[in-house]
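Novice: I am attaching a structure below and will ask some questions about it afterwards.
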Amino acid sequence: MGSIFIWHGKMLQKTAIDRVDDAERERSSLPEVFRTIPVSTSGTFWRRLVAFIGPGYLVATGYMDPGNWATALAGGSAFGYQLLAVALISNIMAILLQALCARLGLGAGLDLAQACRREFPRPVSLGLWVLAETAIIATDLAEVIGTAIGLQLLFGIPVGVGVIITALDVFLILWMQSLGFRWIEAFVIAMLALIFICFGIEMWLAQPNVAAILDGFIPSAEIVTNQEMLYVAMGILGATVMPHNLYLHSGIVQTRDVGRHDADKRDAIRLATVDSTVALATALFVNASILILAAAAFHASGSTAIAELGEAYALLAPLLGTSLAATLFALALLACGLNSTVTATLAGQIVMQGFLELRLKPWVRRLLTRGIAIIPAAAVTILYGESATARLLIGSQVVLSLQLPFAVIPLVLFTARRRIMGNLVAPRWLTIATGIIAVIIVALNVKLLFDTFIAGGLLPR
């Protein structure tokens with residue numbers, strides 16, 4: 009009889025947990041994939057880590073999207089290796105901020121958009137939603153242009169037609185997500201592997217100056233005092249530490265079915281942080297490779313005004329002595345664009361669902377969130393045409409940099425509050441470090457705005 013009561017008690021407990029899971033899934037910004045990937049709480053560190061490999065690489069995609077290419081090409085061709093320090097510092101900032109995102113998503117069970125909606129007054133929350141959507145539109149602008157140019161370079165497809173083709177990625181996501189979220193992660197990782205290989209070969213072909221590369225990773229005061237260099241540096245910062253990635257990471261880590269106890273969540277946070285840190289190291293390699301390639305191929309030959317992706321493609325073959333260099337460049341660009349549109353669409357859903365708490369069918373929500381971002385991006389691309397793609401790409405990354413404080417500051421505040429995080433509140437050192445990052449970003453933004461609009465700073469023409 010006692011065993012029956014024990015069994016009945018366990019069943020009631022399981023039913024209660026299922027009810028809680030259903031309620032959490034309903035509130036989640038990605039309800040179709042919420043807690044769908046099982047994780048092991050036992051076994052070796054490496055075995056447990058395998059279950060968490062994936063979200064970090066989706067996040068890393070945003071750190072090497074076509075907007076990064078434009079800013080890195082502009083920086084490398086104009087200033088040689090000097091802005092490598094900016095790429096490195098931006099990547100370190102990204103690693104710390106993404107660690108906070110994983111902590112918020114797994115520790116508090118909230119993505120950044122949900123936390124903003126819950127913690128801030130409605131007018132503030134709506135204002136942050138508008139800013140987040142603006143950031144995603146700027147992100148999509150870069151990705152639409154990059155993917156369209158990649159299609160043009162490889163297959164001769166007109167840019168306008170390529171823009172329309174990029175809109176079809178929403179159906180690719182719906183199909184892959186119907187198979188399971190792991191399929192999306194596998195697709196992204198496969199594309200990242202292709203990009204990594206392409207740039208590994210590009211570095212071998214370019215044979216850059218190793219001593220100059222190492223010297224470029226040391227920060228220089230000229231980065232701040234030279235207005236034109238600062239503009240491109242802010243573009244690199246905006247292209248590296250991207251606002252939509254903070255929303256994305258805090259949402260997609262919740263695809264893992266972690267334990268309900270603090271010890272399980274703490275272990276999950278540690279593993280998710282390892283995943284994102286390793287993935288962002290891959291992103292740093294790609295971003296640095298683009299800048300190094302531009303410095304070695306263009307700056308060294310006197311071509312100091314290269315920022316157009318098509319122009320870079322055309323010059324690579326004669327400068328490096330083989331058409332393979334140009335083909336690899338275009339192939340990696342296309343892979344970057346495809347990956348980035350996938351992750352931007354997911355980020356768009358998290359932002360809209362988290363801030364507005366819409367209850368729509370998955371395909372309707374996907375089309376709506378994708379449409380909000382891609383329609384203005386496509387219109388700008390088609391309106392301005394190929395001749396202005398470099399200015400549009402770099403400008404979009406500066407817009408992202410200006411949006412950063414409105415995502416970074418709430419993230420730092422939320423993860424430092426015990427009322428939200430409980431026992432999983434961020435360590436004091438991490439809060440201080442990310443707080444300093446927020447101050448640096450705000451200070452650089454203020455200087456950029458002053459130089460541009462008050463002191464008549466230099467802008468690329």
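Quick note: to get the numbering used here, add 8 to the position in the sequence shown (first position is 1).
Virtual Cβ for every residue (Gly too), placed ideally from N, Cα, C.
Values in this document were obtained by computation on a predicted structure and should not be read as measured data.
#1: Give the range of the alpha helix (DSSP H) segment to which residue 43 is assigned.
#2: Whose C-alpha, out of 127, 55, 94, 442, is nearest the C-alpha of residue 427?
#3: For a test of the three-state rule: what should DSSP assign to residue 265, helix, strand or coil?
#4: Mind pulling the alpha helix (DSSP H) runs of 4 or more residues that sit fully within the region 35-107?
#5: Return the CA-CA distance between residue 263 and residue 336, expressed in angstroms with no decimal places.
#6: Could you tell me whether the region 115-131 touches the region 317-325, where touching means 3 or more Cβ pairs closer than 8 Å?
#7: Tell me the DSSP secondary structure of residue 122 in three-state form.
#8: If you measure from the beta carbon of residue 146 to each beta carbon in chain B, is any gap under 9 Å?
#9: With DSSP as the reference, label residue 130 as helix, strand or coil.
#10: Taking only the alpha-carbon atoms, compute the straight-line gap between residue 192 and residue 229 and give it to the nearest angstrom.
#11: In chain order, what residues of the same chain lie with their CB nearer than 6 Å to the CB of residue 287, ignoring the 5 residues before and after it?
#12: Where residue 17 and residue 42 are concerned, what is the direct C-alpha to C-alpha distance, given to the nearest angstrom?
#13: So, with DSSP's three-state summary, where would you put residue 311?
#14: From what residue to what residue does the alpha helix (DSSP H) around residue 171 run?
#15: For residue 99, is the classification buried or exposed, using 16 other Cβ atoms within 10 angstroms of its Cβ as the cut-off for buried?
#16: May I ask you to report which of helix, strand or coil DSSP gives residue 449?
#17: Let me confirm a value: residue 284 is counted as buried when at least 16 other C-beta atoms fall within 10 Å, else exposed. Which label applies?
#18: Quick check: residue 171 and residue 150, are their CB atoms within less than 9 Å of each other?
#19: Going by other Cβ atoms of all chains shown within 10 Å of its Cβ, with 16 needed for buried, is residue 269 buried or exposed?
#20: Going along the chain, which residues of its own chain have a beta-carbon closer than 6 Å to the beta-carbon of residue 62, five neighbours each way excluded?
#21: Please identify the residue among 307, 33, 52, 242 whose C-alpha is closest to the C-alpha of residue 81.
#22: Could you tell me whether the Cβ atoms of residue 347 and residue 179 are closer together than 9 Å?
#23: Can you have a look at residue 436 and say buried or exposed, based on whether 16 or more other CB atoms are within 10 angstroms of its CB?
Specialist: In short:
#1: Locating residue 43 in the sequence shown gives position 35, where the first residue counts as 1. Segment: none, residue 43 is in no alpha helix (DSSP H) and carries neither H nor E.
#2: Locating residue 427 in the sequence shown gives position 419, where the first residue counts as 1. If we check each option's Cα against that of residue 427, 127 comes out closest.
#3: Residue numbering aside, residue 265 sits at position 257 when the sequence shown is read from its first letter. Residue 265 falls in the strand class under three-state DSSP.
#4: 53-58, 63-70, 74-87
#5: Along the sequence shown, read from residue 1 onward, the residue named residue 263 stands at position 255. Along the sequence shown, read from residue 1 onward, the residue named residue 336 stands at position 328. Residue 263 and residue 336: Cα-Cα distance of roughly 34 Å.
#6: no
#7: By one-based count along the sequence shown, residue 122 stands at place 114. Note: residue 122 maps to helix in three-state DSSP.
#8: The displayed structure is made up of one protein chain only, and chain B is not part of it.
#9: Taking the first residue of the sequence shown as position 1, residue 130 is located at position 122. If DSSP states are grouped into helix, strand and coil, residue 130 belongs with the helices.
#10: Here residue 192 is taken as the residue at index 184 of the sequence shown, counted from 1. Here residue 229 is taken as the residue at index 221 of the sequence shown, counted from 1. Distance between the alpha carbons of residue 192 and residue 229: 42 Å.
#11: Translated into the one-based positions of the sequence shown, residue 287 becomes position 279. Hits under 6 Å: 64, 65, 68.
#12: The residue given as residue 17 occupies position 9 in the sequence shown. The residue given as residue 42 occupies position 34 in the sequence shown. Confidence at residue 17 is low in this model, with a pLDDT of 44, below 50, so the placement of that residue should be treated as unreliable; the coordinate-derived value is given next. Going from the Cα of residue 17 to the Cα of residue 42 covers about 27 Å.
#13: As a working note, residue 311 is residue 303 in the sequence shown. Residue 311 falls in the coil class under three-state DSSP.
#14: Within the sequence shown, numbered from 1, the residue matching residue 171 stands at position 163. Counting along the chain, the alpha helix (DSSP H) containing residue 171 begins and ends at 167-174.
#15: Start at 1 with the first residue of the sequence shown, and residue 99 comes out as number 91. With 16 or more Cβ atoms within 10 Å of its Cβ, residue 99 is classed as buried.
#16: Stepping through the sequence shown from its first residue, residue 449 is reached at position 441. In this structure, residue 449 counts as helix in the three-state DSSP scheme.
#17: The count along the sequence shown starts at 1 and reaches residue 284 at position 276. Under this definition residue 284 is a buried residue.
#18: As a first step, residue 171 is located in the sequence shown; it is residue number 163 there, counting from the start. As a first step, residue 150 is located in the sequence shown; it is residue number 142 there, counting from the start. Result no, Cβ atoms of residue 171 and residue 150 do not sit closer than 9 Å.
#19: Within the sequence shown, numbered from 1, the residue matching residue 269 stands at position 261. Residue 269 comes out exposed.
#20: Against the sequence shown, residue 62 aligns to sequence position 54. Contacts found: 193.
#21: In the sequence shown, the residue the question calls residue 81 occupies position 73. Here the closest residue by C-alpha is 307.
#22: Here residue 347 corresponds to residue number 339 of the sequence shown, with the count starting at 1. Here residue 179 corresponds to residue number 171 of the sequence shown, with the count starting at 1. No, the Cβ-Cβ distance between residue 347 and residue 179 is not below 9 Å.
#23: Residue numbering aside, residue 436 sits at position 428 when the sequence shown is read from its first letter. Classification of residue 436: exposed, given that the 10 Å Cβ count is below 16.
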